[in-house]
Amino acid sequence: MEKGQAAPGLYNPSMEKYHFTYQNIHKTAKSMADRVKASGFDPDVIVAIGSGGFIPARIIRTYLGKPILAVGIAYYDAHDKPTEVPRKVQWIEEAERKLSGKKILLIDEVDDSRATLEYCIRELMSHHPAGIAVAVLHNKDKPKKGSIPEEVALYIAGEELPDVWIVYPWDAQDIDAHDAAAKSR
Numbered sequence: 002m003e004k005g006q007a008a009p010g011l012y013n014p015s016m017e018k019y020h021f022t023y024q025n026i027h028k029t030a031k032s033m034a035d036r037v038k039a040s041g042f043d044p045d046v047i048v049a050i051g052s053g054g055f056i057p058a059r060i061i062r063t064y065l066g067k068p069i070l071a072v073g074i075a076y077y078d079a080h081d082k083p084t085e086v087p088r089k090v091q092w093i094e095e096a097e098r099k100l101s102g103k104k105i106l107l108i109d110e111v112d113d114s115r116a117t118l119e120y121c122i123r124e125l126m127s128h129h130p131a132g133i134a135v136a137v138l139h140n141k142d143k144p145k146k147g148s149i150p151e152e153v154a155l156y157i158a159g160e161e162l163p164d165v166w167i168v169y170p171w172d173a174q175d176i177d178a179h180d181a182a183a184k185s186r
């Protein structure tokens, strides 16, 4: 798929929100795992950025067979407004020593401002891993506040999207209504 191009039939520019089903997410995550394998980057561990990265990380684990560690990074406040800088909510202190010399695959659901990714990558790099790769389900084609450090061996976006509001199924109050919204595109 070309940069900035959404999957056929999924994006309607007149719609305010872009809904994905679990089936969409699963297929995208499998594609990402295939691309990680094809790249030659063989991670020792997956680090999921919570809460959005938990589900894609678990699906990718099915295909890569690697253990998952989880971190919580907050870039939004209680009112869904971006904060000045990301902050740790949950970190893997007891596992940090296990990251030294390991290849890490960092997973999140969306690369929006890139601030959270940059923050997390830099934190992980401070523990001297053998390498870091990044995989996100969706990259929004828009100017970024953060950057991917050049030490990152691989960056994979499952899909490139325009700057739209993404609604994931794990955020749905009513999954049937969510799936109906996804199908109405």
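If you number the sequence shown the way the numbering used here does, the last residue is 186 and the count never jumps.
Just so it is clear, CB atoms sit at the ideal spot from N, CA and C, and this is done for glycine as well.
No experiment lies behind these values; they were computed from the predicted model shown.
DSSP places Y156 in the uninterrupted beta strand (DSSP E) bounded by 155 to 162.
Secondary structure of K38 (DSSP, three-state): helix.
Around the beta carbon of K141, 16 or more other beta carbons sit within 10 angstroms, so the residue counts as buried. Annotation: the continuous beta strand (DSSP E) that includes I47 extends over 46 to 51. The Cβ-Cβ distance between D43 and K99 does not fall below 9 Å. Contact between V111 and V137 holds, since their C-beta atoms are separated by about 6 Å, short of 8 Å. Per DSSP, the continuous alpha helix (DSSP H) segment holding Y120 begins and ends at 116 to 126. With respect to K38, Y64 sits close: the two C-beta atoms are nearer than 9 Å. According to the DSSP assignment, A134 belongs to the beta strand (DSSP E) that extends over 132 to 141. For K103, the three-state secondary structure derived from DSSP is coil.
In the DSSP assignment, L65 forms no beta bridge with any residue.
Secondary structure note for H20: its beta strand (DSSP E) is the uninterrupted segment 18 to 20. Of the residues S127, Y120, I133, P130, the one whose Cα lies closest to the Cα of K146 is Y120.
I56 carries a helical assignment under DSSP once its states are collapsed to helix, strand and coil.
The shortest CA-to-CA distance from T117 to any of G73, H128, I133 is the one to G73.
Looking only at D45, K31, A71, the smallest Cα-Cα distance to I60 is reached by K31.
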